[in-house]
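J.: First, the structure itself, so that you have it in front of you.
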Amino acid sequence: MQWHLKSFEQLGGDELYRILRERVGVFMLEQNCLYPEIDGKDPQCHHLFAEKDGQIAAYCRLLPPGVAYTQSSIGRVLVNDAFRGQGLAQELMTRAIAFLTEELGEQEIKIQAQHYLEKFYGSFGFRPISEVYPEDGIPHVDMLRKGNA
């Protein structure tokens, strides 16, 4: 398993294609949601991903403050179904939080979490800051992580 953290400009065309293919596969096809996956935010983000044998195993995008929220954010968190159950989601979140807090000095990270994952994100110090609400037909909750939670 090889981990990468790249700005949009550093992504090669093949990498970007594989990332977008995996995002569409998980968020649009697997979860049966019709929404604009290509939302114009990717060029402003860092992209953290693990790959094995040319396949995206895990991915998230790291949004600086002002792109989605006033705080920094972690979004499009996924683990390819062929790689689930191997602890990649935990490693992905640990690496994402470390980059935002240690490398970029961010004190707050906001996420829009699927409600069933609230406990998972809570284990990383995220706390709910909204009521549960529907987003693309899936219950979500906004969560915030402050400081060294």
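For the sequence shown, our numbering assigns the number 66 to the initial residue and increments by one for each residue that follows. Note that CB positions come from ideal geometry on N, CA and C, so glycine has one too.
When the Cα of Leu209 is compared with those of Ala133, Val197, Arg192 and Gly150, which residue comes out closest?
T.: Looking at the Cα atoms, Arg192 is the closest of the given residues.
J.: Go ahead and label Leu165 buried or exposed: buried means 16 or more other beta carbons lie within 10 angstroms of its beta carbon, across all protein chains shown.
T.: Looking at its Cβ environment, which holds 16 or more other Cβ atoms inside 10 Å, Leu165 is buried.
J.: Count the other CB atoms within 10 Å of the CB of Lys175; is the residue buried (16 or more) or exposed (fewer)?
T.: Answer is buried; the Cβ neighbour count reaches 16.
J.: Let me know if Ser137 comes out buried or exposed under the rule of 16 or more other beta-carbons within 10 Å of its beta-carbon.
T.: Buried: at least 16 other Cβ atoms inside 10 Å.
J.: What would DSSP say about Met158, mapped onto helix, strand or coil?
T.: Three-state DSSP puts Met158 in a helix.
J.: Which class does Tyr82 belong to by DSSP, given the choice of helix, strand or coil?
T.: In this structure, Tyr82 counts as helix in the three-state DSSP scheme.
J.: What does the Cβ neighbour count give for Ile103, buried or exposed, with the cut at 16 atoms within 10 Å?
T.: Flag for Ile103 reads exposed.
J.: My output table needs one value for Ala178: the three-state DSSP class, helix, strand or coil.
T.: Residue state, collapsed to three classes: strand.
J.: Under DSSP, the beta strand (DSSP E) around Gly140 begins and ends at which residues?
T.: First-last of the beta strand (DSSP E) with Gly140: Ser137 to Val144.
J.: So is Ala161 buried or exposed if we call it buried at 16+ other beta carbons inside 10 Å?
T.: Buried.
J.: Thinking just about the alpha-carbon of each residue, which of Ala122, Glu167, His205 and Glu200 is nearest to the one in Val144?
T.: Among Ala122, Glu167, His205 and Glu200, the Cα nearest to that of Val144 is on Ala122.
J.: Just how far apart, CA to CA, sit Leu157 and Cys110?
T.: Straight-line Cα distance between these residues: approximately 16 angstroms.
J.: According to the Cβ coordinates, are Val206 and Ser188 closer than 7 angstroms?
T.: Cβ distance not < 7 angstroms, so Val206 and Ser188 don't count as in contact.
J.: Between Arg126 and Arg149, is the Cβ-Cβ spacing less than 7 angstroms?
T.: The answer is no: Cβ separation not under 7 angstroms.
J.: Check each candidate in Gln172, Thr159 and Asp201 and name the one with the smallest Cα separation from Gln179.
T.: Looking at the Cα atoms, Asp201 is the closest of the given residues.
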